[in-house]
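Here the structure is laid out as structure tokens; the discussion comes afterwards.
Numbering (the working numbering), first residue to last: 204 to 700.
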């Protein structure tokens, strides 16, 4: 009886660690995705039980028992990270944290060691109970028969099945998010890939031929939205009032009526928006991402900041890493506003990127629990919530010398009741506008509507302009090309509707 209670306690500790790192799984229990959360508990629970049986087999031999101890130590470190996130940082885990761990040195680790006493105690408790339970399973439960061998292999088989499902069924063209008993493994693997990208880009930082032709705007702020269709914004004529505050500000903005994104998913579109790399070069000349707006700002006398409520991703994070200050924040998009207010207090030229979750699928998960949807569906409500975030940002910046550039990374295509990431003109039509603070000089304050088709790669020369820099001639008449999900570029006009 006692040993059964210990086994249940161990499984609960493991699942608790999972929730410490990924609190959205718990939050989803009270939303439309509750079945996904229940399935997650079930799948991770099965993998963990399989892991215990697998190590019970290894414990039967004195040589393979060493491997079992190593596997258990690694899983305990996995748990330590989760406990630290919750008890020290009061936050879930993300790739940005993984990058910080990868980049930490011994001195930093030692100086912060006192903070990890309680997480360390919980980690040792988890390890002790796990080793005791495995030893009990070895002696009294596990035998060499087909049933136990099959159970022991499940923790290795299931991630492979998840990988195939993720790649070929549920997330074509998207990022990596494969379930594994070591639930931080994927974050660290992505962090390592990003670190390699960062190293490659860092080694190739260009020396910009900067020509300052006038004083720049003090605060140049770029907000990158997510999956926002301009067709669903009242600012662009939608019949529901989804952007009431932005609508009121239209007279103080330059609005691009026919803006299109350079790609249909975030991991492709954002690097193209933030750098001078051409869609034709993206697949084979990745190091050209070094010519990006962060490095430009750093060499132009601007202090650079990157604040994100999004997870990290290759290419994007490599550019973000060039910022002098970068921070990934868990929570709804409004959590970014206090950080912005603190930065604005500094009396210096600043370039600030805010990468928000916006209407990222599932849009129902982008809304705070107390958000009043006013009868709108989740997608329209997420746009209205983003509008409320803009209201707070614009109010913060109203009496300052600040310019805000906003563009969504890409749109979505409607097919029946589904919103899809596909290569089509509909899914590239995005909001793109510029808003001005009251103290922006008149020579920069251009308002109204730009009706010609404009790709959001125009952000790069636009930021150069607001920093008071001369814009090279080759940025002024660029052809509009699109990077397909298969990483091949095409002329925009050849995309299907």
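Cβ atoms here follow ideal geometry from the backbone N, Cα and C, with glycine treated the same way.
Annotation for residue 325: 286 place their beta carbon closer than 6 Å to its own, counting only its chain and skipping 5 residues before and after. In its chain, beyond the 5 residues on either side, 502, 503, 672 have a beta carbon closer than 7 Å to the beta carbon of residue 413.
Around the Cβ of residue 558, a 10 Å sphere holds 16 or more other Cβ atoms; the residue is buried.
Cβ-Cβ distances below 8 Å link residue 268 to 261, 262 in the same chain, with the five nearest sequence neighbours on each side left out; the list follows chain order. The DSSP-derived three-state label of residue 220 is helix. Bounds of the alpha helix (DSSP H) holding residue 589 are 581-600. Annotation for residue 498: 408, 525 place their beta carbon closer than 6 Å to its own, counting only its chain and skipping 5 residues before and after. Each of 513, 297, 207, 276 was checked against the Cα of residue 222, and the nearest Cα belongs to 297. Inclusion of residue 383 and residue 362 in the CB contact set at 7 Å is warranted, their separation being smaller than that value. Measuring C-alpha to C-alpha distances from residue 653 to each of 458, 629, 647 identifies 458 as the nearest. In the structure shown, residue 457 falls within a strand segment according to DSSP collapsed to helix, strand and coil. Looking at 620, 687, 645, 205, the one whose alpha-carbon comes closest to that of residue 464 is 687. Under the DSSP assignment, residue 500 falls outside any beta strand (DSSP E), being part of the alpha helix (DSSP H) whose first and last residues are 496-502.
Only exposed fits residue 204, as fewer than 16 other CB atoms lie within 10 angstroms of its CB.
Beyond the five residues adjoining it in sequence on each side, residue 669 comes within less than 7 Å, by CB distance, of 419, 420, 423, 606, 647 in the same chain, given in chain order. Residue range 506-511 is occupied by the beta strand (DSSP E) that includes residue 507.
Distance from the CA of residue 685 to the CA of residue 450, rounded to the nearest whole angstrom, comes to 29 Å. Taking residue 665 as the centre and dropping the five residues before and after it, the same chain places the C-beta of 608, 637 closer than 8 Å to its C-beta, in chain order. Taking 3 residues as the minimum length, the region 220-254 contains no beta strand (DSSP E) run wholly inside it.
Residue 621 counts as exposed, since fewer than 16 other C-beta atoms from the protein chains shown sit within 10 angstroms of its C-beta.
Among the bridge pairs identified by DSSP, residue 622 is matched with 617. Around the C-beta of residue 399, fewer than 16 other C-beta atoms lie within 10 Å, and the residue is accordingly described as exposed. Residue 611 is bridged by DSSP to 428. In the structure shown, residue 420 falls within a coil segment according to DSSP collapsed to helix, strand and coil. Residue 368: member of the alpha helix (DSSP H) spanning 349-368, first to last residue. Less than 7 Å separates the beta-carbon of residue 477 from that of residue 495. The region 539-548 and the region 655-665 do not touch, with fewer than 3 CB-CB distances between them shorter than 8 Å. Between residue 542 and residue 506, the C-beta spacing is not below 7 Å. The continuous stretches of alpha helix (DSSP H) do not include residue 636, which lies in the beta strand (DSSP E) extending over residues 635-639. The three-state secondary structure of residue 384, taken from DSSP, is coil.
If you draw a straight line from the Cα of residue 206 to the Cα of residue 339, it comes to about 8 Å.
By DSSP's assignment, residue 685 forms a beta bridge with 693.
Cα atoms of residue 562 and residue 293: separation of roughly 25 Å, rounded to the nearest angstrom. Under the three-state reduction of DSSP, residue 269 is assigned to helix.
Residue nearest to residue 532 within the set 698, 580, 560, 246 is 560 (criterion: CA-CA distance).
DSSP, reduced to helix, strand and coil, places residue 554 within a strand of the structure shown.
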